[in-house]
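Working notes, beginning with the structure itself.
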Amino acid sequence: MRANCWAGRNEVEVRDVPDPTILNSRDAIVRITSTAICGSDLHLLDGYVPTMQDGDVMGHEFMGEVVGVGTGVDPARLRVGDRVVVPFPIACGACGACAAQLYSCCENSNPNAGIAEKMFGHPLAGMFGYAHLTGGFAGGQAQYARVPFADVGPLKIESDLTDEQVLFLSDILPTGYMGAEMCDIQPSDVVAVWGAGPVGQFAMDSARVLGAASVIAIDKEPYRLRMAEEAGHIPVNFEEVDVRSRLLELSGGRGPDKCIDAVGLEATHGSAHIQAFDRVKQAVRSETDRPHALRQAILSCRSGGIVSVIGVYGGVVDKFPAGAWMNRSLTLRTGQCHVQRYMAPLLRRIERGELDPTRVITHRLSLEEAPRGYDIFKNKQEDCEKVVLTP
Amino acid sequence: MDLTATTTVRRPVGEVYAFWRLLENLPTFMEHLDEVRTTDAKSSTWVASAPFDRKVEWEAVLIEDVVDERIGWRSAEEADVPNQGTVSFVLAPDGVSTEVHVHLAYEIGAGKLGKAVAKYFGEEPHQQLDDDLRRLKQVLETGEVVRSDGAPWGKRARKEFPQRPAQPLTADERREVLGV
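See the structure below:
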């Protein structure tokens, strides 16, 4: 089959690779009908998330048709012919973490748990196309994928919704939603979201659906801010205005009640010398992540507020504003999304028209064009917000 | 050399005890063990892979067996590397899971064999036991050891990096890994 593979730093290549087969009894094989490029793929592309290898199949947002199941898959849950969206964390459904619905912390699905444990203290779940730290599972930017624990994760789509309407249930819609849900939103809340990429846009939409008084989008790309504004959110361009002052204006001087970091480890800072400080530290590996958005979210948040982090971090950061966090009674909440927890309820919100995931799609390409998709998404060319690939 | 490791398995104490008590099950999750054969009520033969593709075989004797609580064993007197172990099963505070506490002790001599064994365990001897318990948990909670494309070897996990790429196995690799 054809698959988009990591070919070294800042290089992906569509190659011929073997077709996937059943390796564990609860596997399914899915023929992929739609797949997408995620912002976190960019952190793998440039090597900021470690343990990538030449030939790794990329991609963790995909859906398609079940064409094979292992002997251990419960036929009441999944059969050949089913149309499914596949959640990016692989979860066994039986361990303590899964019992607590902390699916992205599944204790059994990562065969490289020992490596993850050394980096993070405790392991994290297996994930598709997301480096060897999360198990070394081939991803979904391909014609077919092997899906372990297929009777736990995949969501069957039995209505006539299009692929584009449901594809993002695999990651970015639940991730954005969890970002808003962790904010425990009250009707009086002003919610500020750092990053107007696809996850940020969905965090904004979710904050509104959950009843926020107003939602603010912080970014520097005019087309992304325009997209947020068209969806009813308030744009703030950090290259044009002082973010803290603008946020105070927009929140009656209190500061946003809830702040969401939908940026993560490769943030850009409006002030060149601070950007350079962190970029140099990253380059010499004395810091792995540039946490500008997180720092600013903590410093901006109203006392007693919640800072919710859904942007991806991979290692350690410098200058974490612990004083602001501690002295002003802030709550920090975070996590890789526990996608399985949100898929069915968010599908119902899509069916009811409360959320329209298709609004972020700007590019529809073939799988063969994946390298170009990465290029324009990474460099924010052609007003690229979200690329959907068709194998 | 003394090693301890602990894990929590979300299965009832009786089930976890019974699985371990059937010593033939140990090779399903212990990487270095190829086979355990029970020879009578208290004795068993253990076969392990040793460095340089050698096999080591020894007799073990059950020295303690408290149902749903504790199992203890030690190698018989003629073993090349005298060893003993105990495993305790404790109801976890959640009321449904079982804490598994393992203690292993090896008498590693100064001779050639002792050095080979020490090298086999490497700089982080506890890692192997930690990984063994991770696989015990996988087998009891999900039915089998989980495989990925990058690490498809199941219980024969390889510690070294790089692994194979995270892309589907060729037919030859599949035969090598799964035997089918």
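Listed in order, the protein sequences are those of chains R and H.
Take the first sequence: its letters are residues -2 to 388, numbered as in my numbering.
Take the second sequence: its letters are residues -6 to 173, numbered as in my numbering.
Even for Gly, the Cβ is constructed at its ideal location relative to N, Cα and C.
Please read all numbers here as calculations on a predicted model, not as lab measurements.
Rounded to whole angstroms, what's the CA-CA distance from residue i to residue j? Just pull it up for me.
{"i": "G123 of chain R", "j": "S37 of chain H", "result": "37 Å"}
{"i": "G194 of chain R", "j": "C95 of chain R", "result": "29 Å"}
{"i": "R14 of chain H", "j": "Y174 of chain R", "result": "46 Å"}
{"i": "V309 of chain R", "j": "M224 of chain R", "result": "22 Å"}
{"i": "P120 of chain R", "j": "R3 of chain H", "result": "17 Å"}
{"i": "P145 of chain H", "j": "V93 of chain H", "result": "26 Å"}
{"i": "H119 of chain H", "j": "R349 of chain R", "result": "53 Å"}
{"i": "E351 of chain R", "j": "A204 of chain R", "result": "12 Å"}
{"i": "V64 of chain R", "j": "R143 of chain R", "result": "10 Å"}
{"i": "T265 of chain R", "j": "H289 of chain R", "result": "7 Å"}
{"i": "P20 of chain H", "j": "L26 of chain H", "result": "5 Å"}
{"i": "A209 of chain R", "j": "M23 of chain H", "result": "53 Å"}
{"i": "V163 of chain R", "j": "I373 of chain R", "result": "24 Å"}
{"i": "T79 of chain H", "j": "A34 of chain H", "result": "17 Å"}
{"i": "S101 of chain R", "j": "S185 of chain R", "result": "31 Å"}
{"i": "I303 of chain R", "j": "A0 of chain R", "result": "41 Å"}
{"i": "E57 of chain H", "j": "N105 of chain R", "result": "30 Å"}
{"i": "A125 of chain H", "j": "E137 of chain H", "result": "It is worth fixing the name first, because residue 125 of chain H is Asp in this sequence and not Ala. Cα to Cα, the separation comes out at about 13 Å."}
{"i": "T163 of chain H", "j": "D16 of chain R", "result": "8 Å"}
{"i": "V9 of chain R", "j": "T31 of chain H", "result": "53 Å"}
{"i": "G56 of chain R", "j": "R338 of chain R", "result": "21 Å"}
{"i": "I231 of chain R", "j": "F85 of chain R", "result": "30 Å"}
{"i": "V46 of chain R", "j": "E17 of chain H", "result": "41 Å"}
{"i": "V187 of chain R", "j": "T172 of chain R", "result": "20 Å"}
{"i": "V240 of chain R", "j": "T30 of chain R", "result": "41 Å"}
{"i": "R12 of chain R", "j": "S326 of chain R", "result": "51 Å"}
{"i": "P108 of chain R", "j": "G67 of chain R", "result": "19 Å"}
Starting from residue i and walking both ways along the beta strand (DSSP E), at which residues does that stretch end?
{"i": "T32 of chain R", "result": "A25 to I34"}
{"i": "V49 of chain H", "result": "R47 to V59"}
{"i": "C2 of chain R", "result": "R(-1) to W3"}
{"i": "E10 of chain R", "result": "V9 to D13"}
{"i": "H94 of chain H", "result": "T91 to Y99"}
{"i": "Q77 of chain H", "result": "N76 to L84"}
{"i": "R149 of chain H", "result": "Here R149 of chain H belongs to no beta strand (DSSP E), and DSSP marks it neither H nor E."}
{"i": "A164 of chain H", "result": "A164 of chain H -> not in any beta strand (DSSP E); alpha helix (DSSP H) instead, spanning A164 to L171."}
{"i": "L362 of chain R", "result": "H360 to S363"}
{"i": "C256 of chain R", "result": "K255 to D258"}
{"i": "A175 of chain H", "result": "Here chain H covers residues -6 to 173 and nothing more, so residue 175 of chain H does not appear."}
{"i": "V233 of chain R", "result": "I231 to N234"}
{"i": "V212 of chain R", "result": "S211 to D216"}
By the DSSP assignment, the alpha helix (DSSP H) with residue i in it spans what residues?
{"i": "S381 of chain R", "result": "According to the sequence as given, residue 381 of chain R is Cys; it is not Ser. Per DSSP, C381 of chain R belongs to no alpha helix (DSSP H) and is neither H nor E."}
{"i": "G301 of chain R", "result": "Unbroken run through G301 of chain R: none, as it is neither H nor E."}
{"i": "E226 of chain R", "result": "P219 to E227"}
{"i": "N324 of chain R", "result": "A319 to N324"}
{"i": "P342 of chain R", "result": "V336 to E348"}
With a threshold of 8 Å between beta carbons, is residue i in contact with chain H?
{"i": "H129 of chain R", "result": "yes"}
{"i": "L20 of chain R", "result": "yes"}
{"i": "F235 of chain R", "result": "no"}
{"i": "S203 of chain R", "result": "no"}
{"i": "R143 of chain R", "result": "yes"}
{"i": "G69 of chain R", "result": "yes"}
{"i": "V384 of chain R", "result": "no"}
Going by alpha carbons, who is nearest to residue i out of the options?
{"i": "R76 of chain R", "options": "R:V309, R:E348, R:K153 and R:V384", "result": "R:K153"}
{"i": "H40 of chain R", "options": "R:R(-1), R:P171 and R:A128", "result": "R:A128"}
{"i": "A259 of chain R", "options": "R:V384, R:G197 and R:V233", "result": "R:G197"}
{"i": "N76 of chain H", "options": "H:E62, H:P158, H:L16 and H:E52", "result": "H:E52"}
{"i": "Q378 of chain R", "options": "R:S326, R:V357, R:Y220 and R:Q337", "result": "R:Y220"}
{"i": "I26 of chain R", "options": "R:S305, R:V11, R:Q140 and R:M116", "result": "R:Q140"}
{"i": "V70 of chain R", "options": "R:G90, R:F85 and R:P86", "result": "R:G90"}
{"i": "G65 of chain H", "options": "H:F82, H:V6 and H:A41", "result": "H:F82"}
{"i": "D79 of chain R", "options": "R:A88, R:C92 and R:M60", "result": "R:M60"}
{"i": "Q293 of chain R", "options": "R:W191, R:I182, R:V206 and R:S22", "result": "R:W191"}
{"i": "V384 of chain R", "options": "R:R74, R:A200 and R:Q138", "result": "R:Q138"}
{"i": "C446 of chain R", "options": "R:S22, R:V188, R:E218 and R:Y45", "result": "In the structure as shown, chain R starts at -2 and stops at 388, and residue 446 of chain R therefore has no counterpart that could be examined."}
{"i": "E366 of chain R", "options": "R:P86, R:I169, R:P388 and R:G118", "result": "R:P388"}
{"i": "H360 of chain R", "options": "R:G5, R:C35, R:I87 and R:G132", "result": "R:C35"}
{"i": "V81 of chain R", "options": "R:A110, R:G133, R:S167 and R:G370", "result": "R:S167"}
{"i": "R369 of chain R", "options": "R:G136, R:I182, R:D181 and R:L386", "result": "R:L386"}
{"i": "A33 of chain R", "options": "R:E58, R:I19, R:G44 and R:S297", "result": "R:E58"}
Less than 8 Å between CB atoms is the rule here; does residue i satisfy it with respect to chain R?
{"i": "P161 of chain H", "result": "yes"}
{"i": "P158 of chain H", "result": "yes"}
{"i": "D61 of chain H", "result": "no"}
{"i": "R168 of chain H", "result": "no"}
{"i": "E52 of chain H", "result": "no"}
{"i": "R140 of chain H", "result": "yes"}
Is the closest heavy atom of the ligand FMN to the C-beta of residue i under 7 Å?
{"i": "V46 of chain R", "result": "This structure simply doesn't include the ligand FMN, nor any ligand for that matter."}
query: Taking only runs of the beta strand (DSSP E) that begin and end inside the stretch 112 to 174 of chain R, which ones reach a length of at least 3 residues, in chain order?
result: Annotation: the stretch 112 to 174 of chain R contains the following complete segments of the beta strand (DSSP E) (minimum length 3 residues), in chain order: 141 to 144.
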